[in-house]
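Down below is the structure, laid out as structure tokens.
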Amino acid sequence: MRKQSPVIGIIFWILVSVLTLFPIYWLFVISVKPAVQLFSTPDLILSDPYWGNYAKVWGDRLLRSYMLNSVIISTGNAVICTVLGFFACYALSRFNMSGKESIFFWTITNRMAPPAVFLLPLFLLMTQVYTVGEWKLLDTRIGMILVYCTFNLPFAIWTLRPTVDGIPKELDEAAYVDGANSWQVITKIVFPLCRPGLAVTLILTWVFAWNEYLLAATLTNFNARTLTTGLSEYVTTTGTEWGVMATISVFTLIPALIVFGLVQKHIVAGLTFGAVKG
Amino acid sequence: MQSKRLGWILLAPTLVILFFFGVLPFFYVVYVSFHSWNPFAVNPEMVFNGADNFRKIVFDTAFLKSIGVTVMFVVFAVLSELIIGYALAQAFMRDFPGKAIFRTIHTLPLIMAPIIVGSVWKLMTTPSIGIIPHYLEEWFGLTMNIGTSAPAAFATVVLMDIWHWTPLVTLTLIAALVSLPPDPFEQAQIDGAGKRQIFWHITLPMIAPAVVATVFIRLMDALRTVDEVWMLTGGGPGSATRFVGVHIFKEVFPKTNYGYGSTISVIVLYLTIVSCWLLYVTMLAPRSKRG
Amino acid sequence: MSFILKLGASALALTLASAAYAEESADFWKKAAEPYQGVTIRGVTESSPPSLYIREVLAPEFEALTGIRVDVETTSWDQMFDKAIKDMEAGTGIYDMAYIEQDIIYSYLARGFLTDLTGFLAANPDLKAPTYDEANFTTFANYFKDADGNLYGVPMEAFLKVYLYRTDLFEDPKIQAAFKEKAGRDLVPAKTHAEYAEIAEFFTEYGKEYDLDLWGTTAQAHTGHVASWYEYYESIAPTFGVYNWGIDANNNYAASVANGGAMNSPEAVEAMTWWLSMRDIAPPESPASTWTEVGTTFGAGRAAQGLVYGENAGWIAADAEKSLVVGKVGVALPPLADGVLADAEAGEGYIGYYDGGAFGMPHSSKNKEATALFLQYIGQNEVQPDWAVAAPRVTNTATYEDPKVVAFNDELGGYYDLIKDKGYLFAGAPAYPFHAQVREATAPIFYQILLGELSPQEGLDKMAATAEATLSDLGYRK
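Residue numbers (our numbering), protein chains in the order written: chain G, 1 to 278; chain P, 279 to 569; chain W, 570 to 1047.
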């Protein structure tokens, strides 16, 4: 396999990419078709695009605030989950705490919960318990960041654990011998070595938060509404505005691509640590 | 070695957040699951009814059926994602021109929200006018109608899930593969081990924790799938794609059956934990000996 | 004309037209609102065009006039109910206004979730606007009143589910001749189910013969979405004489024939059988069609006739950006079985669905006074005509006479005339506080009938039994 010509590899990847891209291409096609044409015979090739939906979406001030909320909530949540998850993994990996394997398994059970019924207690907690005077946690960005931790923090811990476990303990010990303190070991030695795992975790937690719908739909009203809840506004009894929905999704690809672009090179950076020849 | 106190300090934020946003709501749900409670019943209050809900669930054919289709869905979708995802992750370990671009392309489906994925696939598969049924008909004379054919709807949902989530498997496995130390592989090659031997005896055991973690994540996410299926089929035709997530959603939202809905959720959560625990123990048992 | 364009245009028109009456009434609003300057009231609604009109046009106007800010959260149909229910159940007071649909009003009333607007204004005469009067509303407002006639919601959407047909096809001489030769009668909108079926079969055949994407009827027959359940119970069963889902509220909520209900009666079976036969000759997307797709199917010119929600009738008939059949749409009353029209005239039955919603005030609202002002504001006759043109809906009797609305009525093929003259024959949802509960319990069986897993008789028997069991569980059926 290793000796095959690169041409076959490229052809393989182009095929995979075409399959991957087709639904996204189709999303774009939907976004540049007037509603009239959506239910006529489909054409594979796009002709005579219509940009009305783009004008509509671009001019929508509410969508812009949704976009900002989404970016803040997903970025905040991803960073918090990745960092806290890394700390937790370091603790689980390096310290001989009693019951730590049970704790490790327990964390993931938080992600298993079917969300529909948990909305009610979360709603009650965030309106009646987690309040300071008139201020409620409901419908705030920080509230959503914390709520999203219930599924993203376990995810971060579980994806980072193998990575942190894989960093030889001898490295820590060598550093301690050289006089480093615990904080320095964690941040200067282990953290950088975990970069590929951290990058992947950051991307994926970001993606989960970015795409979450049900919790955001219930637990935000005016101030912290995210893009996915904005999208659902276009599903109505009068008809679903497929074109506008598709256009918004095309717009949402942009911040997502930026985040991916920023983080992806760290996955590559990891390759220097130990490449596998399979 | 170091003081355990530092360990607990590092773990504390995680435990605190999960307690306030995961454990407390969970207790509430367990509490409600022992009650009959529908705000639009004649008696809108919560009424304690012991284990009645749990007794009812055993004979609830709609629920049992939804468990059945969910398990089928999870097996088909997650297995395919694992196999394809691993193959692609391995392929990405090689160097080839345009690799960064291809990897970016491959991760694109992840950044699409499930409700959008559901919408696009719905438009692509609308009987007679969606692009897929249209060209199946025109090129191969096949009729595909996700409104009437349960297998077609089920297959579409599985394909959609594979399309959407294989990149996640690829990414986590890439992270695992790049972190592997090179020495054992070099040693094995020197010893003249074949590719298959290397995979079974070295690669797989070493990435097993990552594989298990990935399978877990996909497994539990597939069990909770709602948005995509909601948009694509609504659980239909009939109950062909009425997965537990969708089933619970219908029980809790339109039906406002909070009591019984909580019971179903507790049971589903319990089943998920048990199956994951079994998987965890069997897959990682050899590793734990290592200490 | 696109909705947004209309919105802009009518906002402008509104400011100009309202200048005259504003002079006198502005004083009232300013004075009444004085104590509530700077208050923000919040509402939750579905993002339908009438609601968007409130958010984009009426709310900003009201704010400019009174200094009371109005935030309207628009969301999807499923979410809207859940959010309002959670808020009102917990008494949180997030919302001052909630969209209440036909389907849910009786559930809310049963729980005392809403504020009695009639009573509230009587108790606070200072807040009563001179330009607001409950008597201005059409009969549709009756669906938001309790037994004593107190109003709990200001109507803001009202539609009929009507029989739409393609005038261009029905008036084509060649088609007329072909139909006459085949059927032995003239091609006119159907009055009976047999006529409707005959026309449907004719056009489906016609489409096949000439290789057109044309079928004889629409069918909202999704096999996994409650839209199909609604089409049958709102629009098909009543035309066969099965009213209120076949459940008898005065007889211990009986559903099965054995107990005195009609859910599995011979008429119900006949209705189901007829509807399934129509579904079979409808466009292939019908088994995956909700209200959205039925509208789009008709708008794309794929059906010669069909039952379509009034929400969609507007854009199908008049919005060239979304519809291919602009100016080619006629409206008529749905086909009926013998005796149904007489039942409806006598007030004992109905021939279809009078659909819509209102804005109500949750009992937990913390800004009731300011909210009452806004609700009166959107209920005034003066704001209605532009609203009716921007988002086809009529809630006040006077609106029908407005020149703008009269002109728009022609564009819509006489749709407003139909509401005005025949609206009384239609009815809203049955007065059941268990609407969604029984619907969800029976819907899975309903889908089995659609898929042919159960015959209509077997399926309806099972649905009746399930409905009764659910009603017993909930405590309504003793």
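In this text, a Cβ means the ideal position worked out from N, Cα and C, and glycines have one as well.
Identify every run of the alpha helix (DSSP H) within the segment 308-338 of chain P, keeping only runs that are complete inside it and at least 4 residues long; order them along the chain.
330-336
Is W/P904 near W/A759, with beta carbons less than 8 Å apart?
yes
Counting only beta-carbon atoms, is G/E173 nearer than 8 Å to chain W?
no
Does any C-beta atom of chain G lie closer than 8 Å to the C-beta of P/M350?
no
Outcome for W/P604 when other beta-carbon atoms lying within 10 angstroms are tallied against a minimum of 16
exposed
From G/G230, G/L262, G/L124, pick the residue whose C-alpha is nearest to that of G/T252; which is it?
G/G230
Does the beta carbon of P/I591 sit closer than 8 Å to a beta carbon anywhere in chain W?
This structure leaves residue 591 of chain P out entirely; chain P is present only between 279 and 569.
Between which two residues does the alpha helix (DSSP H) harbouring W/K652 extend?
646-659
Using DSSP's beta-bridge definition, name the partner residues of W/G875.
W/L733
Test item: CB-CB of W/A886 and W/G982 under 8 Å
yes
For P/M402 and W/W860, I'd like the C-alpha separation in whole angstroms.
18 Å
Residues of its chain near G/L92, where Cβ-Cβ distance is below 6 Å and the 5 sequence neighbours each way are ignored
K100, F104
What is the rounded straight-line gap between the Cα of P/T404 and the Cα of G/P49?
22 Å
Can you tell me which of W/N821, W/G810, W/V613 puts its alpha carbon nearest to the alpha carbon of W/A1036?
W/N821
Check each candidate in G/P42, G/T228, G/V244, G/F260 and name the one with the smallest Cα separation from P/G408.
G/P42
Listed by chain order, chain P residues near G/M112 by CB distance under 8 Å
M498, L501, R502, L547, T550, I551, C554
Amino acids of chain W, ordered along the chain, whose beta-carbon sits closer than 8 Å to that of P/N331
Here the premise fails: no neighbours, minimum Cβ distance about 12 Å.
Counting only beta-carbon atoms, is W/A659 nearer than 8 Å to chain G?
yes
What residue does the alpha helix (DSSP H) around W/T609 start on, and which one ends it?
Not the alpha helix (DSSP H): W/T609 falls in the beta strand (DSSP E), residues 609-615.
Using 8 Å for Cβ pairs, my map puts W/A957 next to W/V731. What's the rounded Cβ distance?
With 8 Å as the limit, W/A957 and W/V731 do not qualify as a contact, their Cβ atoms being about 16 Å apart.
Does any C-beta atom of chain P lie closer than 8 Å to the C-beta of G/W210?
yes
Pull the bridge partners of W/P724 from the DSSP assignment, please.
W/A927
Short check: CB of W/M649 to CB of W/E615, under 8 Å?
yes
Looking only at its own chain, which residues have a Cβ that is under 6 Å from the Cβ of P/N316, when we skip the five neighbours before and after it?
T534, N535
Given a cut-off of 8 Å, decide if W/G929 and W/G722 are closer than it, judged by their beta-carbon atoms.
yes
Can you pull the chain G neighbours of W/D665, defined as C-beta to C-beta under 7 Å?
Near W/D665 there are no residues of chain G at all, since even the closest Cβ is about 12 Å away, more than 7 Å.
Buried versus exposed, by CB contacts within 10 Å (16 or more), W/Y779:
exposed
Give the single residue among W/D955, W/P856, W/P724, W/E774 whose Cα lies nearest to the Cα of W/I744.
W/E774
CB contact flag (W/V639, W/I663, <8 Å)
no
Would you tell me roughly how many angstroms separate the C-alpha atoms of P/G513 and G/T218, rounded to the nearest one?
21 Å
One question on the structure: do P/L501 and P/T550 come within less than 8 Å of each other, judged by their Cβ atoms?
yes
G/S47 at chain P interface by Cβ criterion, 8 Å:
no
Inter-residue Cα distance where the pair is P/V347 and P/A518
7 Å
Taking Cβ positions only, does P/W417 come closer than 8 Å to chain G?
no
My guess is that P/L366 and P/T448 are in contact by the Cβ rule of under 8 Å, so how many angstroms apart are they, rounded?
5 Å
Taking the alpha carbon of W/T1039 as the point to measure from, which residue in P/G285, P/V320, P/F298 has its own alpha carbon closest?
P/V320
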